[in-house]
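The block underneath contains the structure these notes are about, expressed in structure tokens.
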């Protein structure tokens with residue numbers, strides 16, 4: 009039982025914190041968001057140079073062998089700055105999936121590039137009607153000799169607008185909601201039969217719909233057997249999102265507290281009103297809950313797959329989603345009119361906090377998952 | 182970072198489990214698990230067993246009969262005790278007045294009172310709240326006037342938990358009515374057998390004689406019963422409140438209550454199936470269990486920080502609020518699980534020697550009264566609103 013960071017972890021935390029603080033002021037973020045890429049390619053490059061994109065990978069794959077705790081420390085800082093870079097999508101998910109399923113040749117080809125940030129990858133797991141159920145896959149893949157071709161539509165591929173490779177889940181056997189029969193493919197976005205509709209997301213990122221029409225894909229792992237890896241890696245993504253949410257919540261609480269201490273109405277700073285003080289304490293209380301669960305998730309994220317790991321990760325995301333919504337909504341309420349404006353930083357935190365619950369499962373999704381595994385006494 | 186216990190801590194946990202398996206009387210555990218009434222003798226029996234093992238006062242310094250346990254060991258012990266159905270220790274002697282005496286008392290007071298707490302000779306109760314001094318404790322009016330070698334005490338205390346069993350009471354009394362509120366208060370130890378003391382039971386809304394009013398009418402208290410300096414009693418009270426607050430999240434008790442809830446929900450039926458199979462009810466159990474998991478992690482973070490020498494501060498106020506709300510929600514779900522059978526009021530079935538026919542089952546008589554009884558959790562130990570004031574002031578500096 010020990011919640012302290014090692015010296016190396018503290019250094020990592022400081023590195024990430026400094027980088028985010030130096031680059032991610034509000035005006036810069038707006039520019040990154042409005043740019044064609046939708047994020048800062050220079051910041052992405054810096055993350056690579058500082059080794060942040062290599063942290064979770066094994067040393068033989070060009071990484072630092074970091075655990076869920078190291079990932080948590082980075083994601084928390086990215087959350088504090090509401091950074092737009094597809095770290096989760098490229099490093100945690102694409103890197104994690106290739107590491108788990110890829111052949112030696114595929115790892116050789118891709119992992120070093122992902123670890124250095126040279127290759128920015130994305131994952132296409134959601135579909136129009138999948139509603140967080142990653143086993144609900146209707147996109148199909150067909151084999152012709154040694155080649156596979158994919159057809160279907162994948163949705164809300166964050167970072168897909170710039171990705172060099174997109175990992176696509178497609179069905180090679182079974183019915184549309186079977187866990188068996190799902191395969192993963194590496195798709196080159198420039199290949200024939202691939203088209204993208206790029207759009208902005210509510211929280212200031214960019215994403216795309218991916219339309220596949222007999223597009224060529226390279227099989228990753230064994231055909232029909234990708235779901236276990238998808239579930240496992242989505243667990244790591246949940247832990248990472250929890251940490252990002254904690255960072256964004258902490259920044260939101262700081263902003264709100266600062267506002268309570270400076271904004272005057274009725275001749276006093278509004279932080280003197282008990283009803284607002286208690287609301288602020290409730291926000292801190294939710295932040296504490298979320299922090300506890302983000303730590304739990306980080307410590308479990310890289311454990312072996314098990315029902316207990318899945319249940320606790322579901323619990324973590326449930327608690328964090330709920331906390332994030334509370335903090336976002338109350339922050340807007342305590343700020344009043346100013347938080348309703350595009351030009352106020354806090355509004356963008358609120359948007360990211362809410363949108364985190366739309367990635368890898370909202371409250372209902374995780375409540376249902378947790379409830380399903382309960383047993384009587 | 183490591184969220185698991187170390188091998189040494191796990192070995193300690195096994196030792197505690199073994200002790201509880203061997204020594205915790207089955208009839209007492211049964212009463213606790215079914216939320217039945219515990220008698221004074223039940224409490225005393227368990228205290229004696231703990232005392233014999235040297236585990237009744239683990240938080241005390243070793244020279245007074247305590248242990249070398251750190252915060253993590255204490256946490257493990259509390260958790261396991263709750264899981265096995267050990268009674269929650271009546272805290273007023275061992276965990277409230279004793280820490281104050283150890284911190285602020287004279288050598289003579291330590292030598293007099295601590296052994297008698299340890300061997301169960303004395304049963305202490307708390308004289309803090311008054312009819313006009315609840316959350317605003319510092320407005321208390323019970324007066325102690327110095328008269329030679331004695332204080333003459335007049336006034337009234339209330340909400341004195343299990344005062345009917347007590348032979349000693351520790352009181353906050355006003356010794357300087359001119360001073361600003363907190364400054365004129367003293368911490369006084371009073372023998373309940375002193376002439377002029379009257380104890381009157383207050384029946385709580387669940388029908389239990391759990392709390393009392395205590396009246397003081399020209400009660401003569403020797404000056405050597407003053408703890409710390411005169412007019413510095415508030416320092417003792419504040420010290421005690423932070424001591425008290427850490428355990429108030431009640432994680433162990435809530436985990437035991439979760440087991441009870443699942444048991445009830447497995448036995449009660451809805452639509453021809455156990456209630457726990459009902460999607461709506463099941464999701465409510467799931468939700469509170471996840472909140473409990475978060476509060477448990479929060480507690481472990483505080484406990485681990487404390488084991489590194491950190492002093493639990495206002496974070497424990499946050500956990501008090503979370504923990505008590507969770508416990509209240511669990512009792513709300515237990516009550517709901519009974520459907521219309523939450524209505525029958527059957528206090529006689531809560532006595533373990535009841536040998537009549539049970540109206541429903543052994544679990545059915547307690548949830549509704551318990552639900553009402555547990556409303557106290559967010560009121561006592563500094564109401565949850567007071568806790569929020571503390572956080573607002575201490576952490577947020579608002």
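Residue numbers (the working numbering), protein chains in the order written: chain A, 9 to 385; chain B, 182 to 579.
C-beta: ideal position from N, C-alpha, C; glycine also.
- For the region 279-306 of chain A, residues whose beta-carbon sits nearer than 7 Å to a beta-carbon of chain B comprise 279, 285, 286, 288, 289, 292, 293, 296, 297, 300, 301, 303, 304.
- With at least 16 other beta carbons inside 10 angstroms of its own, residue 95 (chain A) counts as buried.
- Taken in chain order, the unbroken stretches of alpha helix (DSSP H) that lie wholly in the region 10-65 of chain A and span 4 residues or more are 15-31, 34-42, 49-57.
- Using a Cβ-Cβ cut-off of 7 Å, residue 478 (chain B) is close to 300, 301, 303, 304 of chain A, given in chain order.
- Pairing residue 272 (chain B) with residue 101 (chain A), the inter-Cα distance amounts to about 51 Å.
- Taken atom to atom, the span from the alpha-carbon of residue 320 (chain A) to that of residue 262 (chain B) is near 24 Å.
- Non-local C-beta neighbours of residue 237 (chain B) in its own chain, meaning closer than 7 Å and more than five positions away in sequence, comprise 228, 231, 275, 299, ordered along the chain.
- A buried status is given to residue 242 (chain A), since no fewer than 16 other beta-carbon atoms sit within 10 Å of its beta-carbon.
- Between the alpha carbons of residue 576 (chain B) and residue 58 (chain A) lies a distance of about 35 Å.
- If one requires a minimum length of 4 residues, the alpha helix (DSSP H) runs lying completely within the region 240-280 of chain B are 252-265, in chain order.
- In terms of beta-carbon proximity, residue 77 (chain A) lines the interface with chain B, with at least one pair separated by less than 9 Å.
- Excluding the 5 residues flanking it on each side, residue 401 (chain B) has same chain C-beta neighbours closer than 7 Å at 331, 333, 375, in chain order.
- Judged by DSSP secondary structure, residue 335 (chain B) falls within the beta strand (DSSP E) whose first and last residues are 331-338.
- Looking at A:134, A:203, A:276, A:155, the one whose alpha-carbon comes closest to that of residue 185 (chain A) is A:134.
- Sequence-distant Cβ neighbours of residue 362 (chain B) in its own chain, meaning closer than 6 Å and more than five residues away, are 319.
- Residue 452 (chain B) and residue 205 (chain A) have their alpha carbons spaced roughly 49 Å apart.
- Listed along the chain, the chain A residues whose CB falls inside 7 Å of the CB of residue 467 (chain B) are 375, 378, 379, 382.
- Rounded to the nearest whole angstrom, the CA to CA distance from residue 249 (chain B) to residue 193 (chain A) is 58 Å.
- Looking at the DSSP output, residue 368 (chain B) bridges to B:353, B:408.
- Sequence-distant Cβ neighbours of residue 17 (chain A) in its own chain, meaning closer than 7 Å and more than five residues away, are 77, 78, 81.
- In the three-state scheme derived from DSSP, where H, G and I count as helix and E and B as strand, residue 250 (chain A) is classed as helix.
- Within its own chain, the residues whose Cβ lies closer than 8 Å to the Cβ of residue 561 (chain B), once the five positions on either side in sequence are excluded, are 340, listed in chain order.
- For the C-beta of residue 190 (chain B), the chain A residues within less than 9 Å are, from N- to C-terminus, 9.
- In summary, residue 14 (chain A) is exposed, with fewer than 16 beta-carbon neighbours lying within 10 Å of its beta-carbon over all protein chains present.
- Looking at A:92, A:231, A:120, the one whose alpha-carbon comes closest to that of residue 33 (chain A) is A:92.
- Put simply, the backbone Cα of residue 211 (chain A) is about 39 Å away from that of residue 431 (chain B).
- Put simply, the region 526-533 of chain B touches the region 208-228 of chain B. At least three CB pairs are less than 8 Å apart.
- Near chain B, meaning a CB-to-CB distance below 8 Å, the residues of the region 324-340 of chain A are 326, 327.
- Taken in chain order, the complete alpha helix (DSSP H) segments of 4 residues or longer contained in the region 102-160 of chain A are 103-109, 112-124.
- In the structure shown, residue 209 (chain B) adopts helical secondary structure according to DSSP, grouped into three states.
- With respect to the 9 Å criterion, residue 421 (chain B) and residue 280 (chain B) are classified as neighbours on the basis of their beta carbons.
- DSSP places residue 261 (chain A) in the helix class (H, G or I) of the three-state scheme.
- Near chain B, meaning a CB-to-CB distance below 8 Å, the residues of the region 255-270 of chain A are 265, 268, 269.
- Ranked by Cα distance from residue 223 (chain A), the first of A:280, A:197, A:19 is A:197.
- Counting only runs of at least 3 residues, the region 504-554 of chain B fully encloses no beta strand (DSSP E) element at all.
- Taking a Cβ-Cβ threshold of 7 Å, the residues of chain B close to residue 385 (chain A) are 440, 443, 444, 447, in chain order.
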